[in-house]
Amino acid sequence: MLEIEKRFIDLHPKSKSLFDIGQTLFPSGVTHDIRALQPFPIYVDRADKGKKWDVDGNELIDYIGGHGSLLLGHNRQEITQAVQDALNFGTHFGSSHNHELDWAQSVIDMVPCAENVRFTSSGTEATMMALRLARAFTDRDVIIKLEDHFHGWHDIVVGKNYSDSIHAPGVPIDFYKSLSILQPNDIDSLVNRLKHKDVAAVILEPTGSHWGAHPLDIEYLKKVDEVSKATGTLFIMDEVITGFRMSPGGAQELYDLKPDLSTHAKILAGGLPGGCVAGRKDILDRIEFRDDQDWNVGEKIAHQGTYNANPISATAGKVALELIKDGEEIRKADELSVYLIRSLNEMFNKHSINGRAWTVSSMWHLNLGYKNLKQLSNIEETDWIYDELPNGVRDDLVLPLKWSLLNHGVDLFGTGGVMSSAHTIEDINLTIKAFEVAMEEIKSAGLEI
Ligand SMILES: Cc1ncc(COP(=O)(O)O)c(C=O)c1O
2 MLEIEKRFID LHPKSKSLFD IGQTLFPSGV THDIRALQPF PIYVDRADKG
52 KKWDVDGNEL IDYIGGHGSL LLGHNRQEIT QAVQDALNFG THFGSSHNHE
102 LDWAQSVIDM VPCAENVRFT SSGTEATMMA LRLARAFTDR DVIIKLEDHF
152 HGWHDIVVGK NYSDSIHAPG VPIDFYKSLS ILQPNDIDSL VNRLKHKDVA
202 AVILEPTGSH WGAHPLDIEY LKKVDEVSKA TGTLFIMDEV ITGFRMSPGG
252 AQELYDLKPD LSTHAKILAG GLPGGCVAGR KDILDRIEFR DDQDWNVGEK
302 IAHQGTYNAN PISATAGKVA LELIKDGEEI RKADELSVYL IRSLNEMFNK
352 HSINGRAWTV SSMWHLNLGY KNLKQLSNIE ETDWIYDELP NGVRDDLVLP
402 LKWSLLNHGV DLFGTGGVMS SAHTIEDINL TIKAFEVAME EIKSAGLEI
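Take any residue in the sequence shown, note its place counting from 1, add 1, and you have its number in our numbering.
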């Protein structure tokens, strides 16, 4: 066992005890695949601004940010106060209410494509609804998604290329007759597939898979928009993670694009559960009741959901969007992210480490342990500037990096992180120190970086 792992175990005895219980209750002891960690995950009992504290009393600079939902950091006072106030009036009215109107109006004011909105309880539900709307509206079955792009865990989007067919355990194989998975950034394959005019929608993550870990060319995005529209295919931007983060109107505003539909969650609901589909009214009208029984039974898309626009999420969401609207919080988080990745790249250069960090708005990523990259000549560079796509963190480095950073007070989101506007320069300087020590420890463990 590596010294780094031993130290991790020594520093987290209470987490280990809780995991022993968790293992008796949940598959792999966890409640979300991404929270699984060898030999056990940490258990957290408190968070504030850019930090959180585990049950063993370790302080951590948090780059998970509520899975990307906390652009404003943990415990943003205006949100927690509004939620506490709202709780006094009841958690669920089973009726329409004022908060959902303000919340929806903000979405419509902020998101360029949003003529109309429908709230859901999660991002998964939002992408599920967007795809169903697209199929009903176009009267076509086929959906296109891009390899490795993530849109939640409902049946159609979990399909993956696997030994010459599209497959996902638990989903009938025939289901995937209506899914095509294309390579990102390959416009020719998209043009060829769309020319048959049988595709209902193209759905993608606008920054590339895993919130920009494999960057998507902006020219490609523009072309997707153009070719989709020319072939009667709907263009769906999945802005669950980029929405209200890359600009008040998300990636679509920043890149000056107007998809037919966009899907949102996370920041949308201010850190509470909630999602929505926003977009063209004529498409969302597929959910409306009409004075026509044939329509209501044969054409209308049913949409229920006990917690849709529940008053607590709606309250948190409307306050969060109000705070984000002028773009200042986004600018802060973006600047902090730039400072972090420039400092990381300087440190990698100083110690001749095969590492590069880059950031897409406030979502930052690492390429670590691969020798093939030429030295960054301009340390000010914040994008991924190489022709070849990043590999991420080399497999054998993932766990040692994660353990070592946790041992020194930093919690990554996967192998990168999301910045909030509540992080501080001091948080980032501590992060760089933790990385510097982690690089030393990894080298001392005999691993090449
Ligand atoms: C781009 C994207 N789409 C959809 C989802 C699913 O959202 P949820 O976890 O709220 O179901 C996620 C979640 O991480 C996401 O990043």
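All C-beta atoms, glycine included, are put in the ideal place defined by N, C-alpha and C. Since this is a predicted model, take the numbers as computed values, not measurements.
How many angstroms separate the CA atom of residue 295 from the CA atom of residue 286? Between the alpha carbons of residue 295 and residue 286 lies a distance of about 15 angstroms.
Answer yes or no: the CB of residue 290 versus the heavy atoms of ligand 1, is any distance below 7 angstroms? Not so, every heavy atom of ligand 1 lies at least 7 angstroms from the Cβ.
Quick one, which of 252, 139, 410 has its alpha-carbon nearest residue 13's? If you compare the alpha carbons of 252, 139, 410 with that of residue 13, the shortest gap goes to 410.
For residue 374, which beta-bridge partners are listed by DSSP? In the DSSP output, where bridge partners are listed per residue, residue 374 has none listed.
Is residue 401 helix, strand or coil when you go by DSSP? helix
Round the Cβ separation of residue 201 and residue 261 to the nearest angstrom and send it over; I've been treating them as touching at under 8 angstroms. With 8 angstroms as the limit, residue 201 and residue 261 do not qualify as a contact, their Cβ atoms being about 11 angstroms apart.
Should residue 276 be listed as close to ligand 1, given that the test is whether its C-beta is under 7 angstroms from any heavy atom? yes
Would you say the beta carbon of residue 415 is closer than 7 angstroms to some non-hydrogen atom of ligand 1? no
Which class does residue 175 belong to by DSSP, given the choice of helix, strand or coil? helix
Buried or exposed by the 16-neighbour rule on C-beta atoms within 10 Å, applied to residue 298: exposed
Grab me the residues of residue 79's own chain with a C-beta within less than 7 angstroms of its C-beta, minus the 5 sequence neighbours each way, in chain order. 320, 324
At the level of alpha carbons, what is the spacing between residue 134 and residue 395? So the alpha carbons of these two residues sit roughly 40 angstroms apart.
Can you list, in chain order, the residues of its chain whose CB lies under 7 angstroms from that of residue 252, leaving out five sequence neighbours each side? Answer for residue 252: 207, 208, 238, 240, 243, listed in chain order.
CB of residue 1 within 8 angstroms of CB of residue 387, strictly: Because residue 1 is not part of the residues shown, which for the chain are 2 to 450, the question remains open.
Residue 251 - containing alpha helix (DSSP H), residue span: 251-255
How many angstroms separate the CA atom of residue 422 from the CA atom of residue 358? 19 angstroms
With which residues is residue 299 paired in a DSSP beta bridge? DSSP lists no partner for residue 299.
Could you tell me how far apart the beta carbons of residue 68 and residue 267 are, in whole angstroms, since I believe they sit closer than 8 angstroms? 7 angstroms
Closest residue to residue 264 among 118, 9, 107, 100 (Cα-Cα distance): Nearest of 118, 9, 107, 100 to residue 264, Cα basis: 118.
Can you tell me which of the three DSSP states residue 221 falls into? helix
To the nearest angstrom, how far is the alpha carbon of residue 442 from that of residue 236? 46 angstroms
Quick check on residue 163: does DSSP put it in helix, strand or coil? strand
Can you round the beta-carbon distance between residue 43 and residue 55 to whole angstroms, since I take them to be within the 8 angstroms contact cut? At roughly 5 angstroms, the Cβ-Cβ gap stays under 8 angstroms, so residue 43 and residue 55 are in contact.
Does DSSP put residue 279 in a helix, in a strand, or in coil? Three-state result, residue 279: strand.
Are the region 97-116 and the region 304-321 touching, with three or more C-beta to C-beta distances below 8 angstroms? In short, these stretches touch, since the Cβ pair count reaches three.
Rounded to whole angstroms, what's the CA-CA distance from residue 362 to residue 247? Just pull it up for me. 6 angstroms
Just reading off the alpha helix (DSSP H) that residue 433 is part of, what are its end residues? 426-445
Return the CA-CA distance between residue 280 and residue 108, expressed in angstroms with no decimal places. 10 angstroms
What is the residue span of the beta strand (DSSP E) that residue 361 lies within? 356-361
Buried versus exposed, by CB contacts within 10 Å (16 or more), residue 332: exposed
Beta-carbon proximity of residue 182 to residue 167, cut-off 8 angstroms: yes
Would you kindly report the start and end of the unbroken alpha helix (DSSP H) that includes residue 20? 14-26
Tell me whether residue 67 counts as near ligand 2, meaning its Cβ is closer than 7 angstroms to at least one heavy atom of that ligand. Absent from the structure shown: ligand 2. Ligands present: ligand 1.
Buried or exposed (CB count within 10 angstroms, at least 16 for buried), residue 88: exposed
Compare the Cα-Cα distances from residue 390 to each of 214, 114, 258 and report the closest residue. Here the closest residue by C-alpha is 214.
Classify residue 196 as buried or exposed, calling it buried when 16 or more other Cβ atoms lie within 10 Å of its own Cβ. exposed
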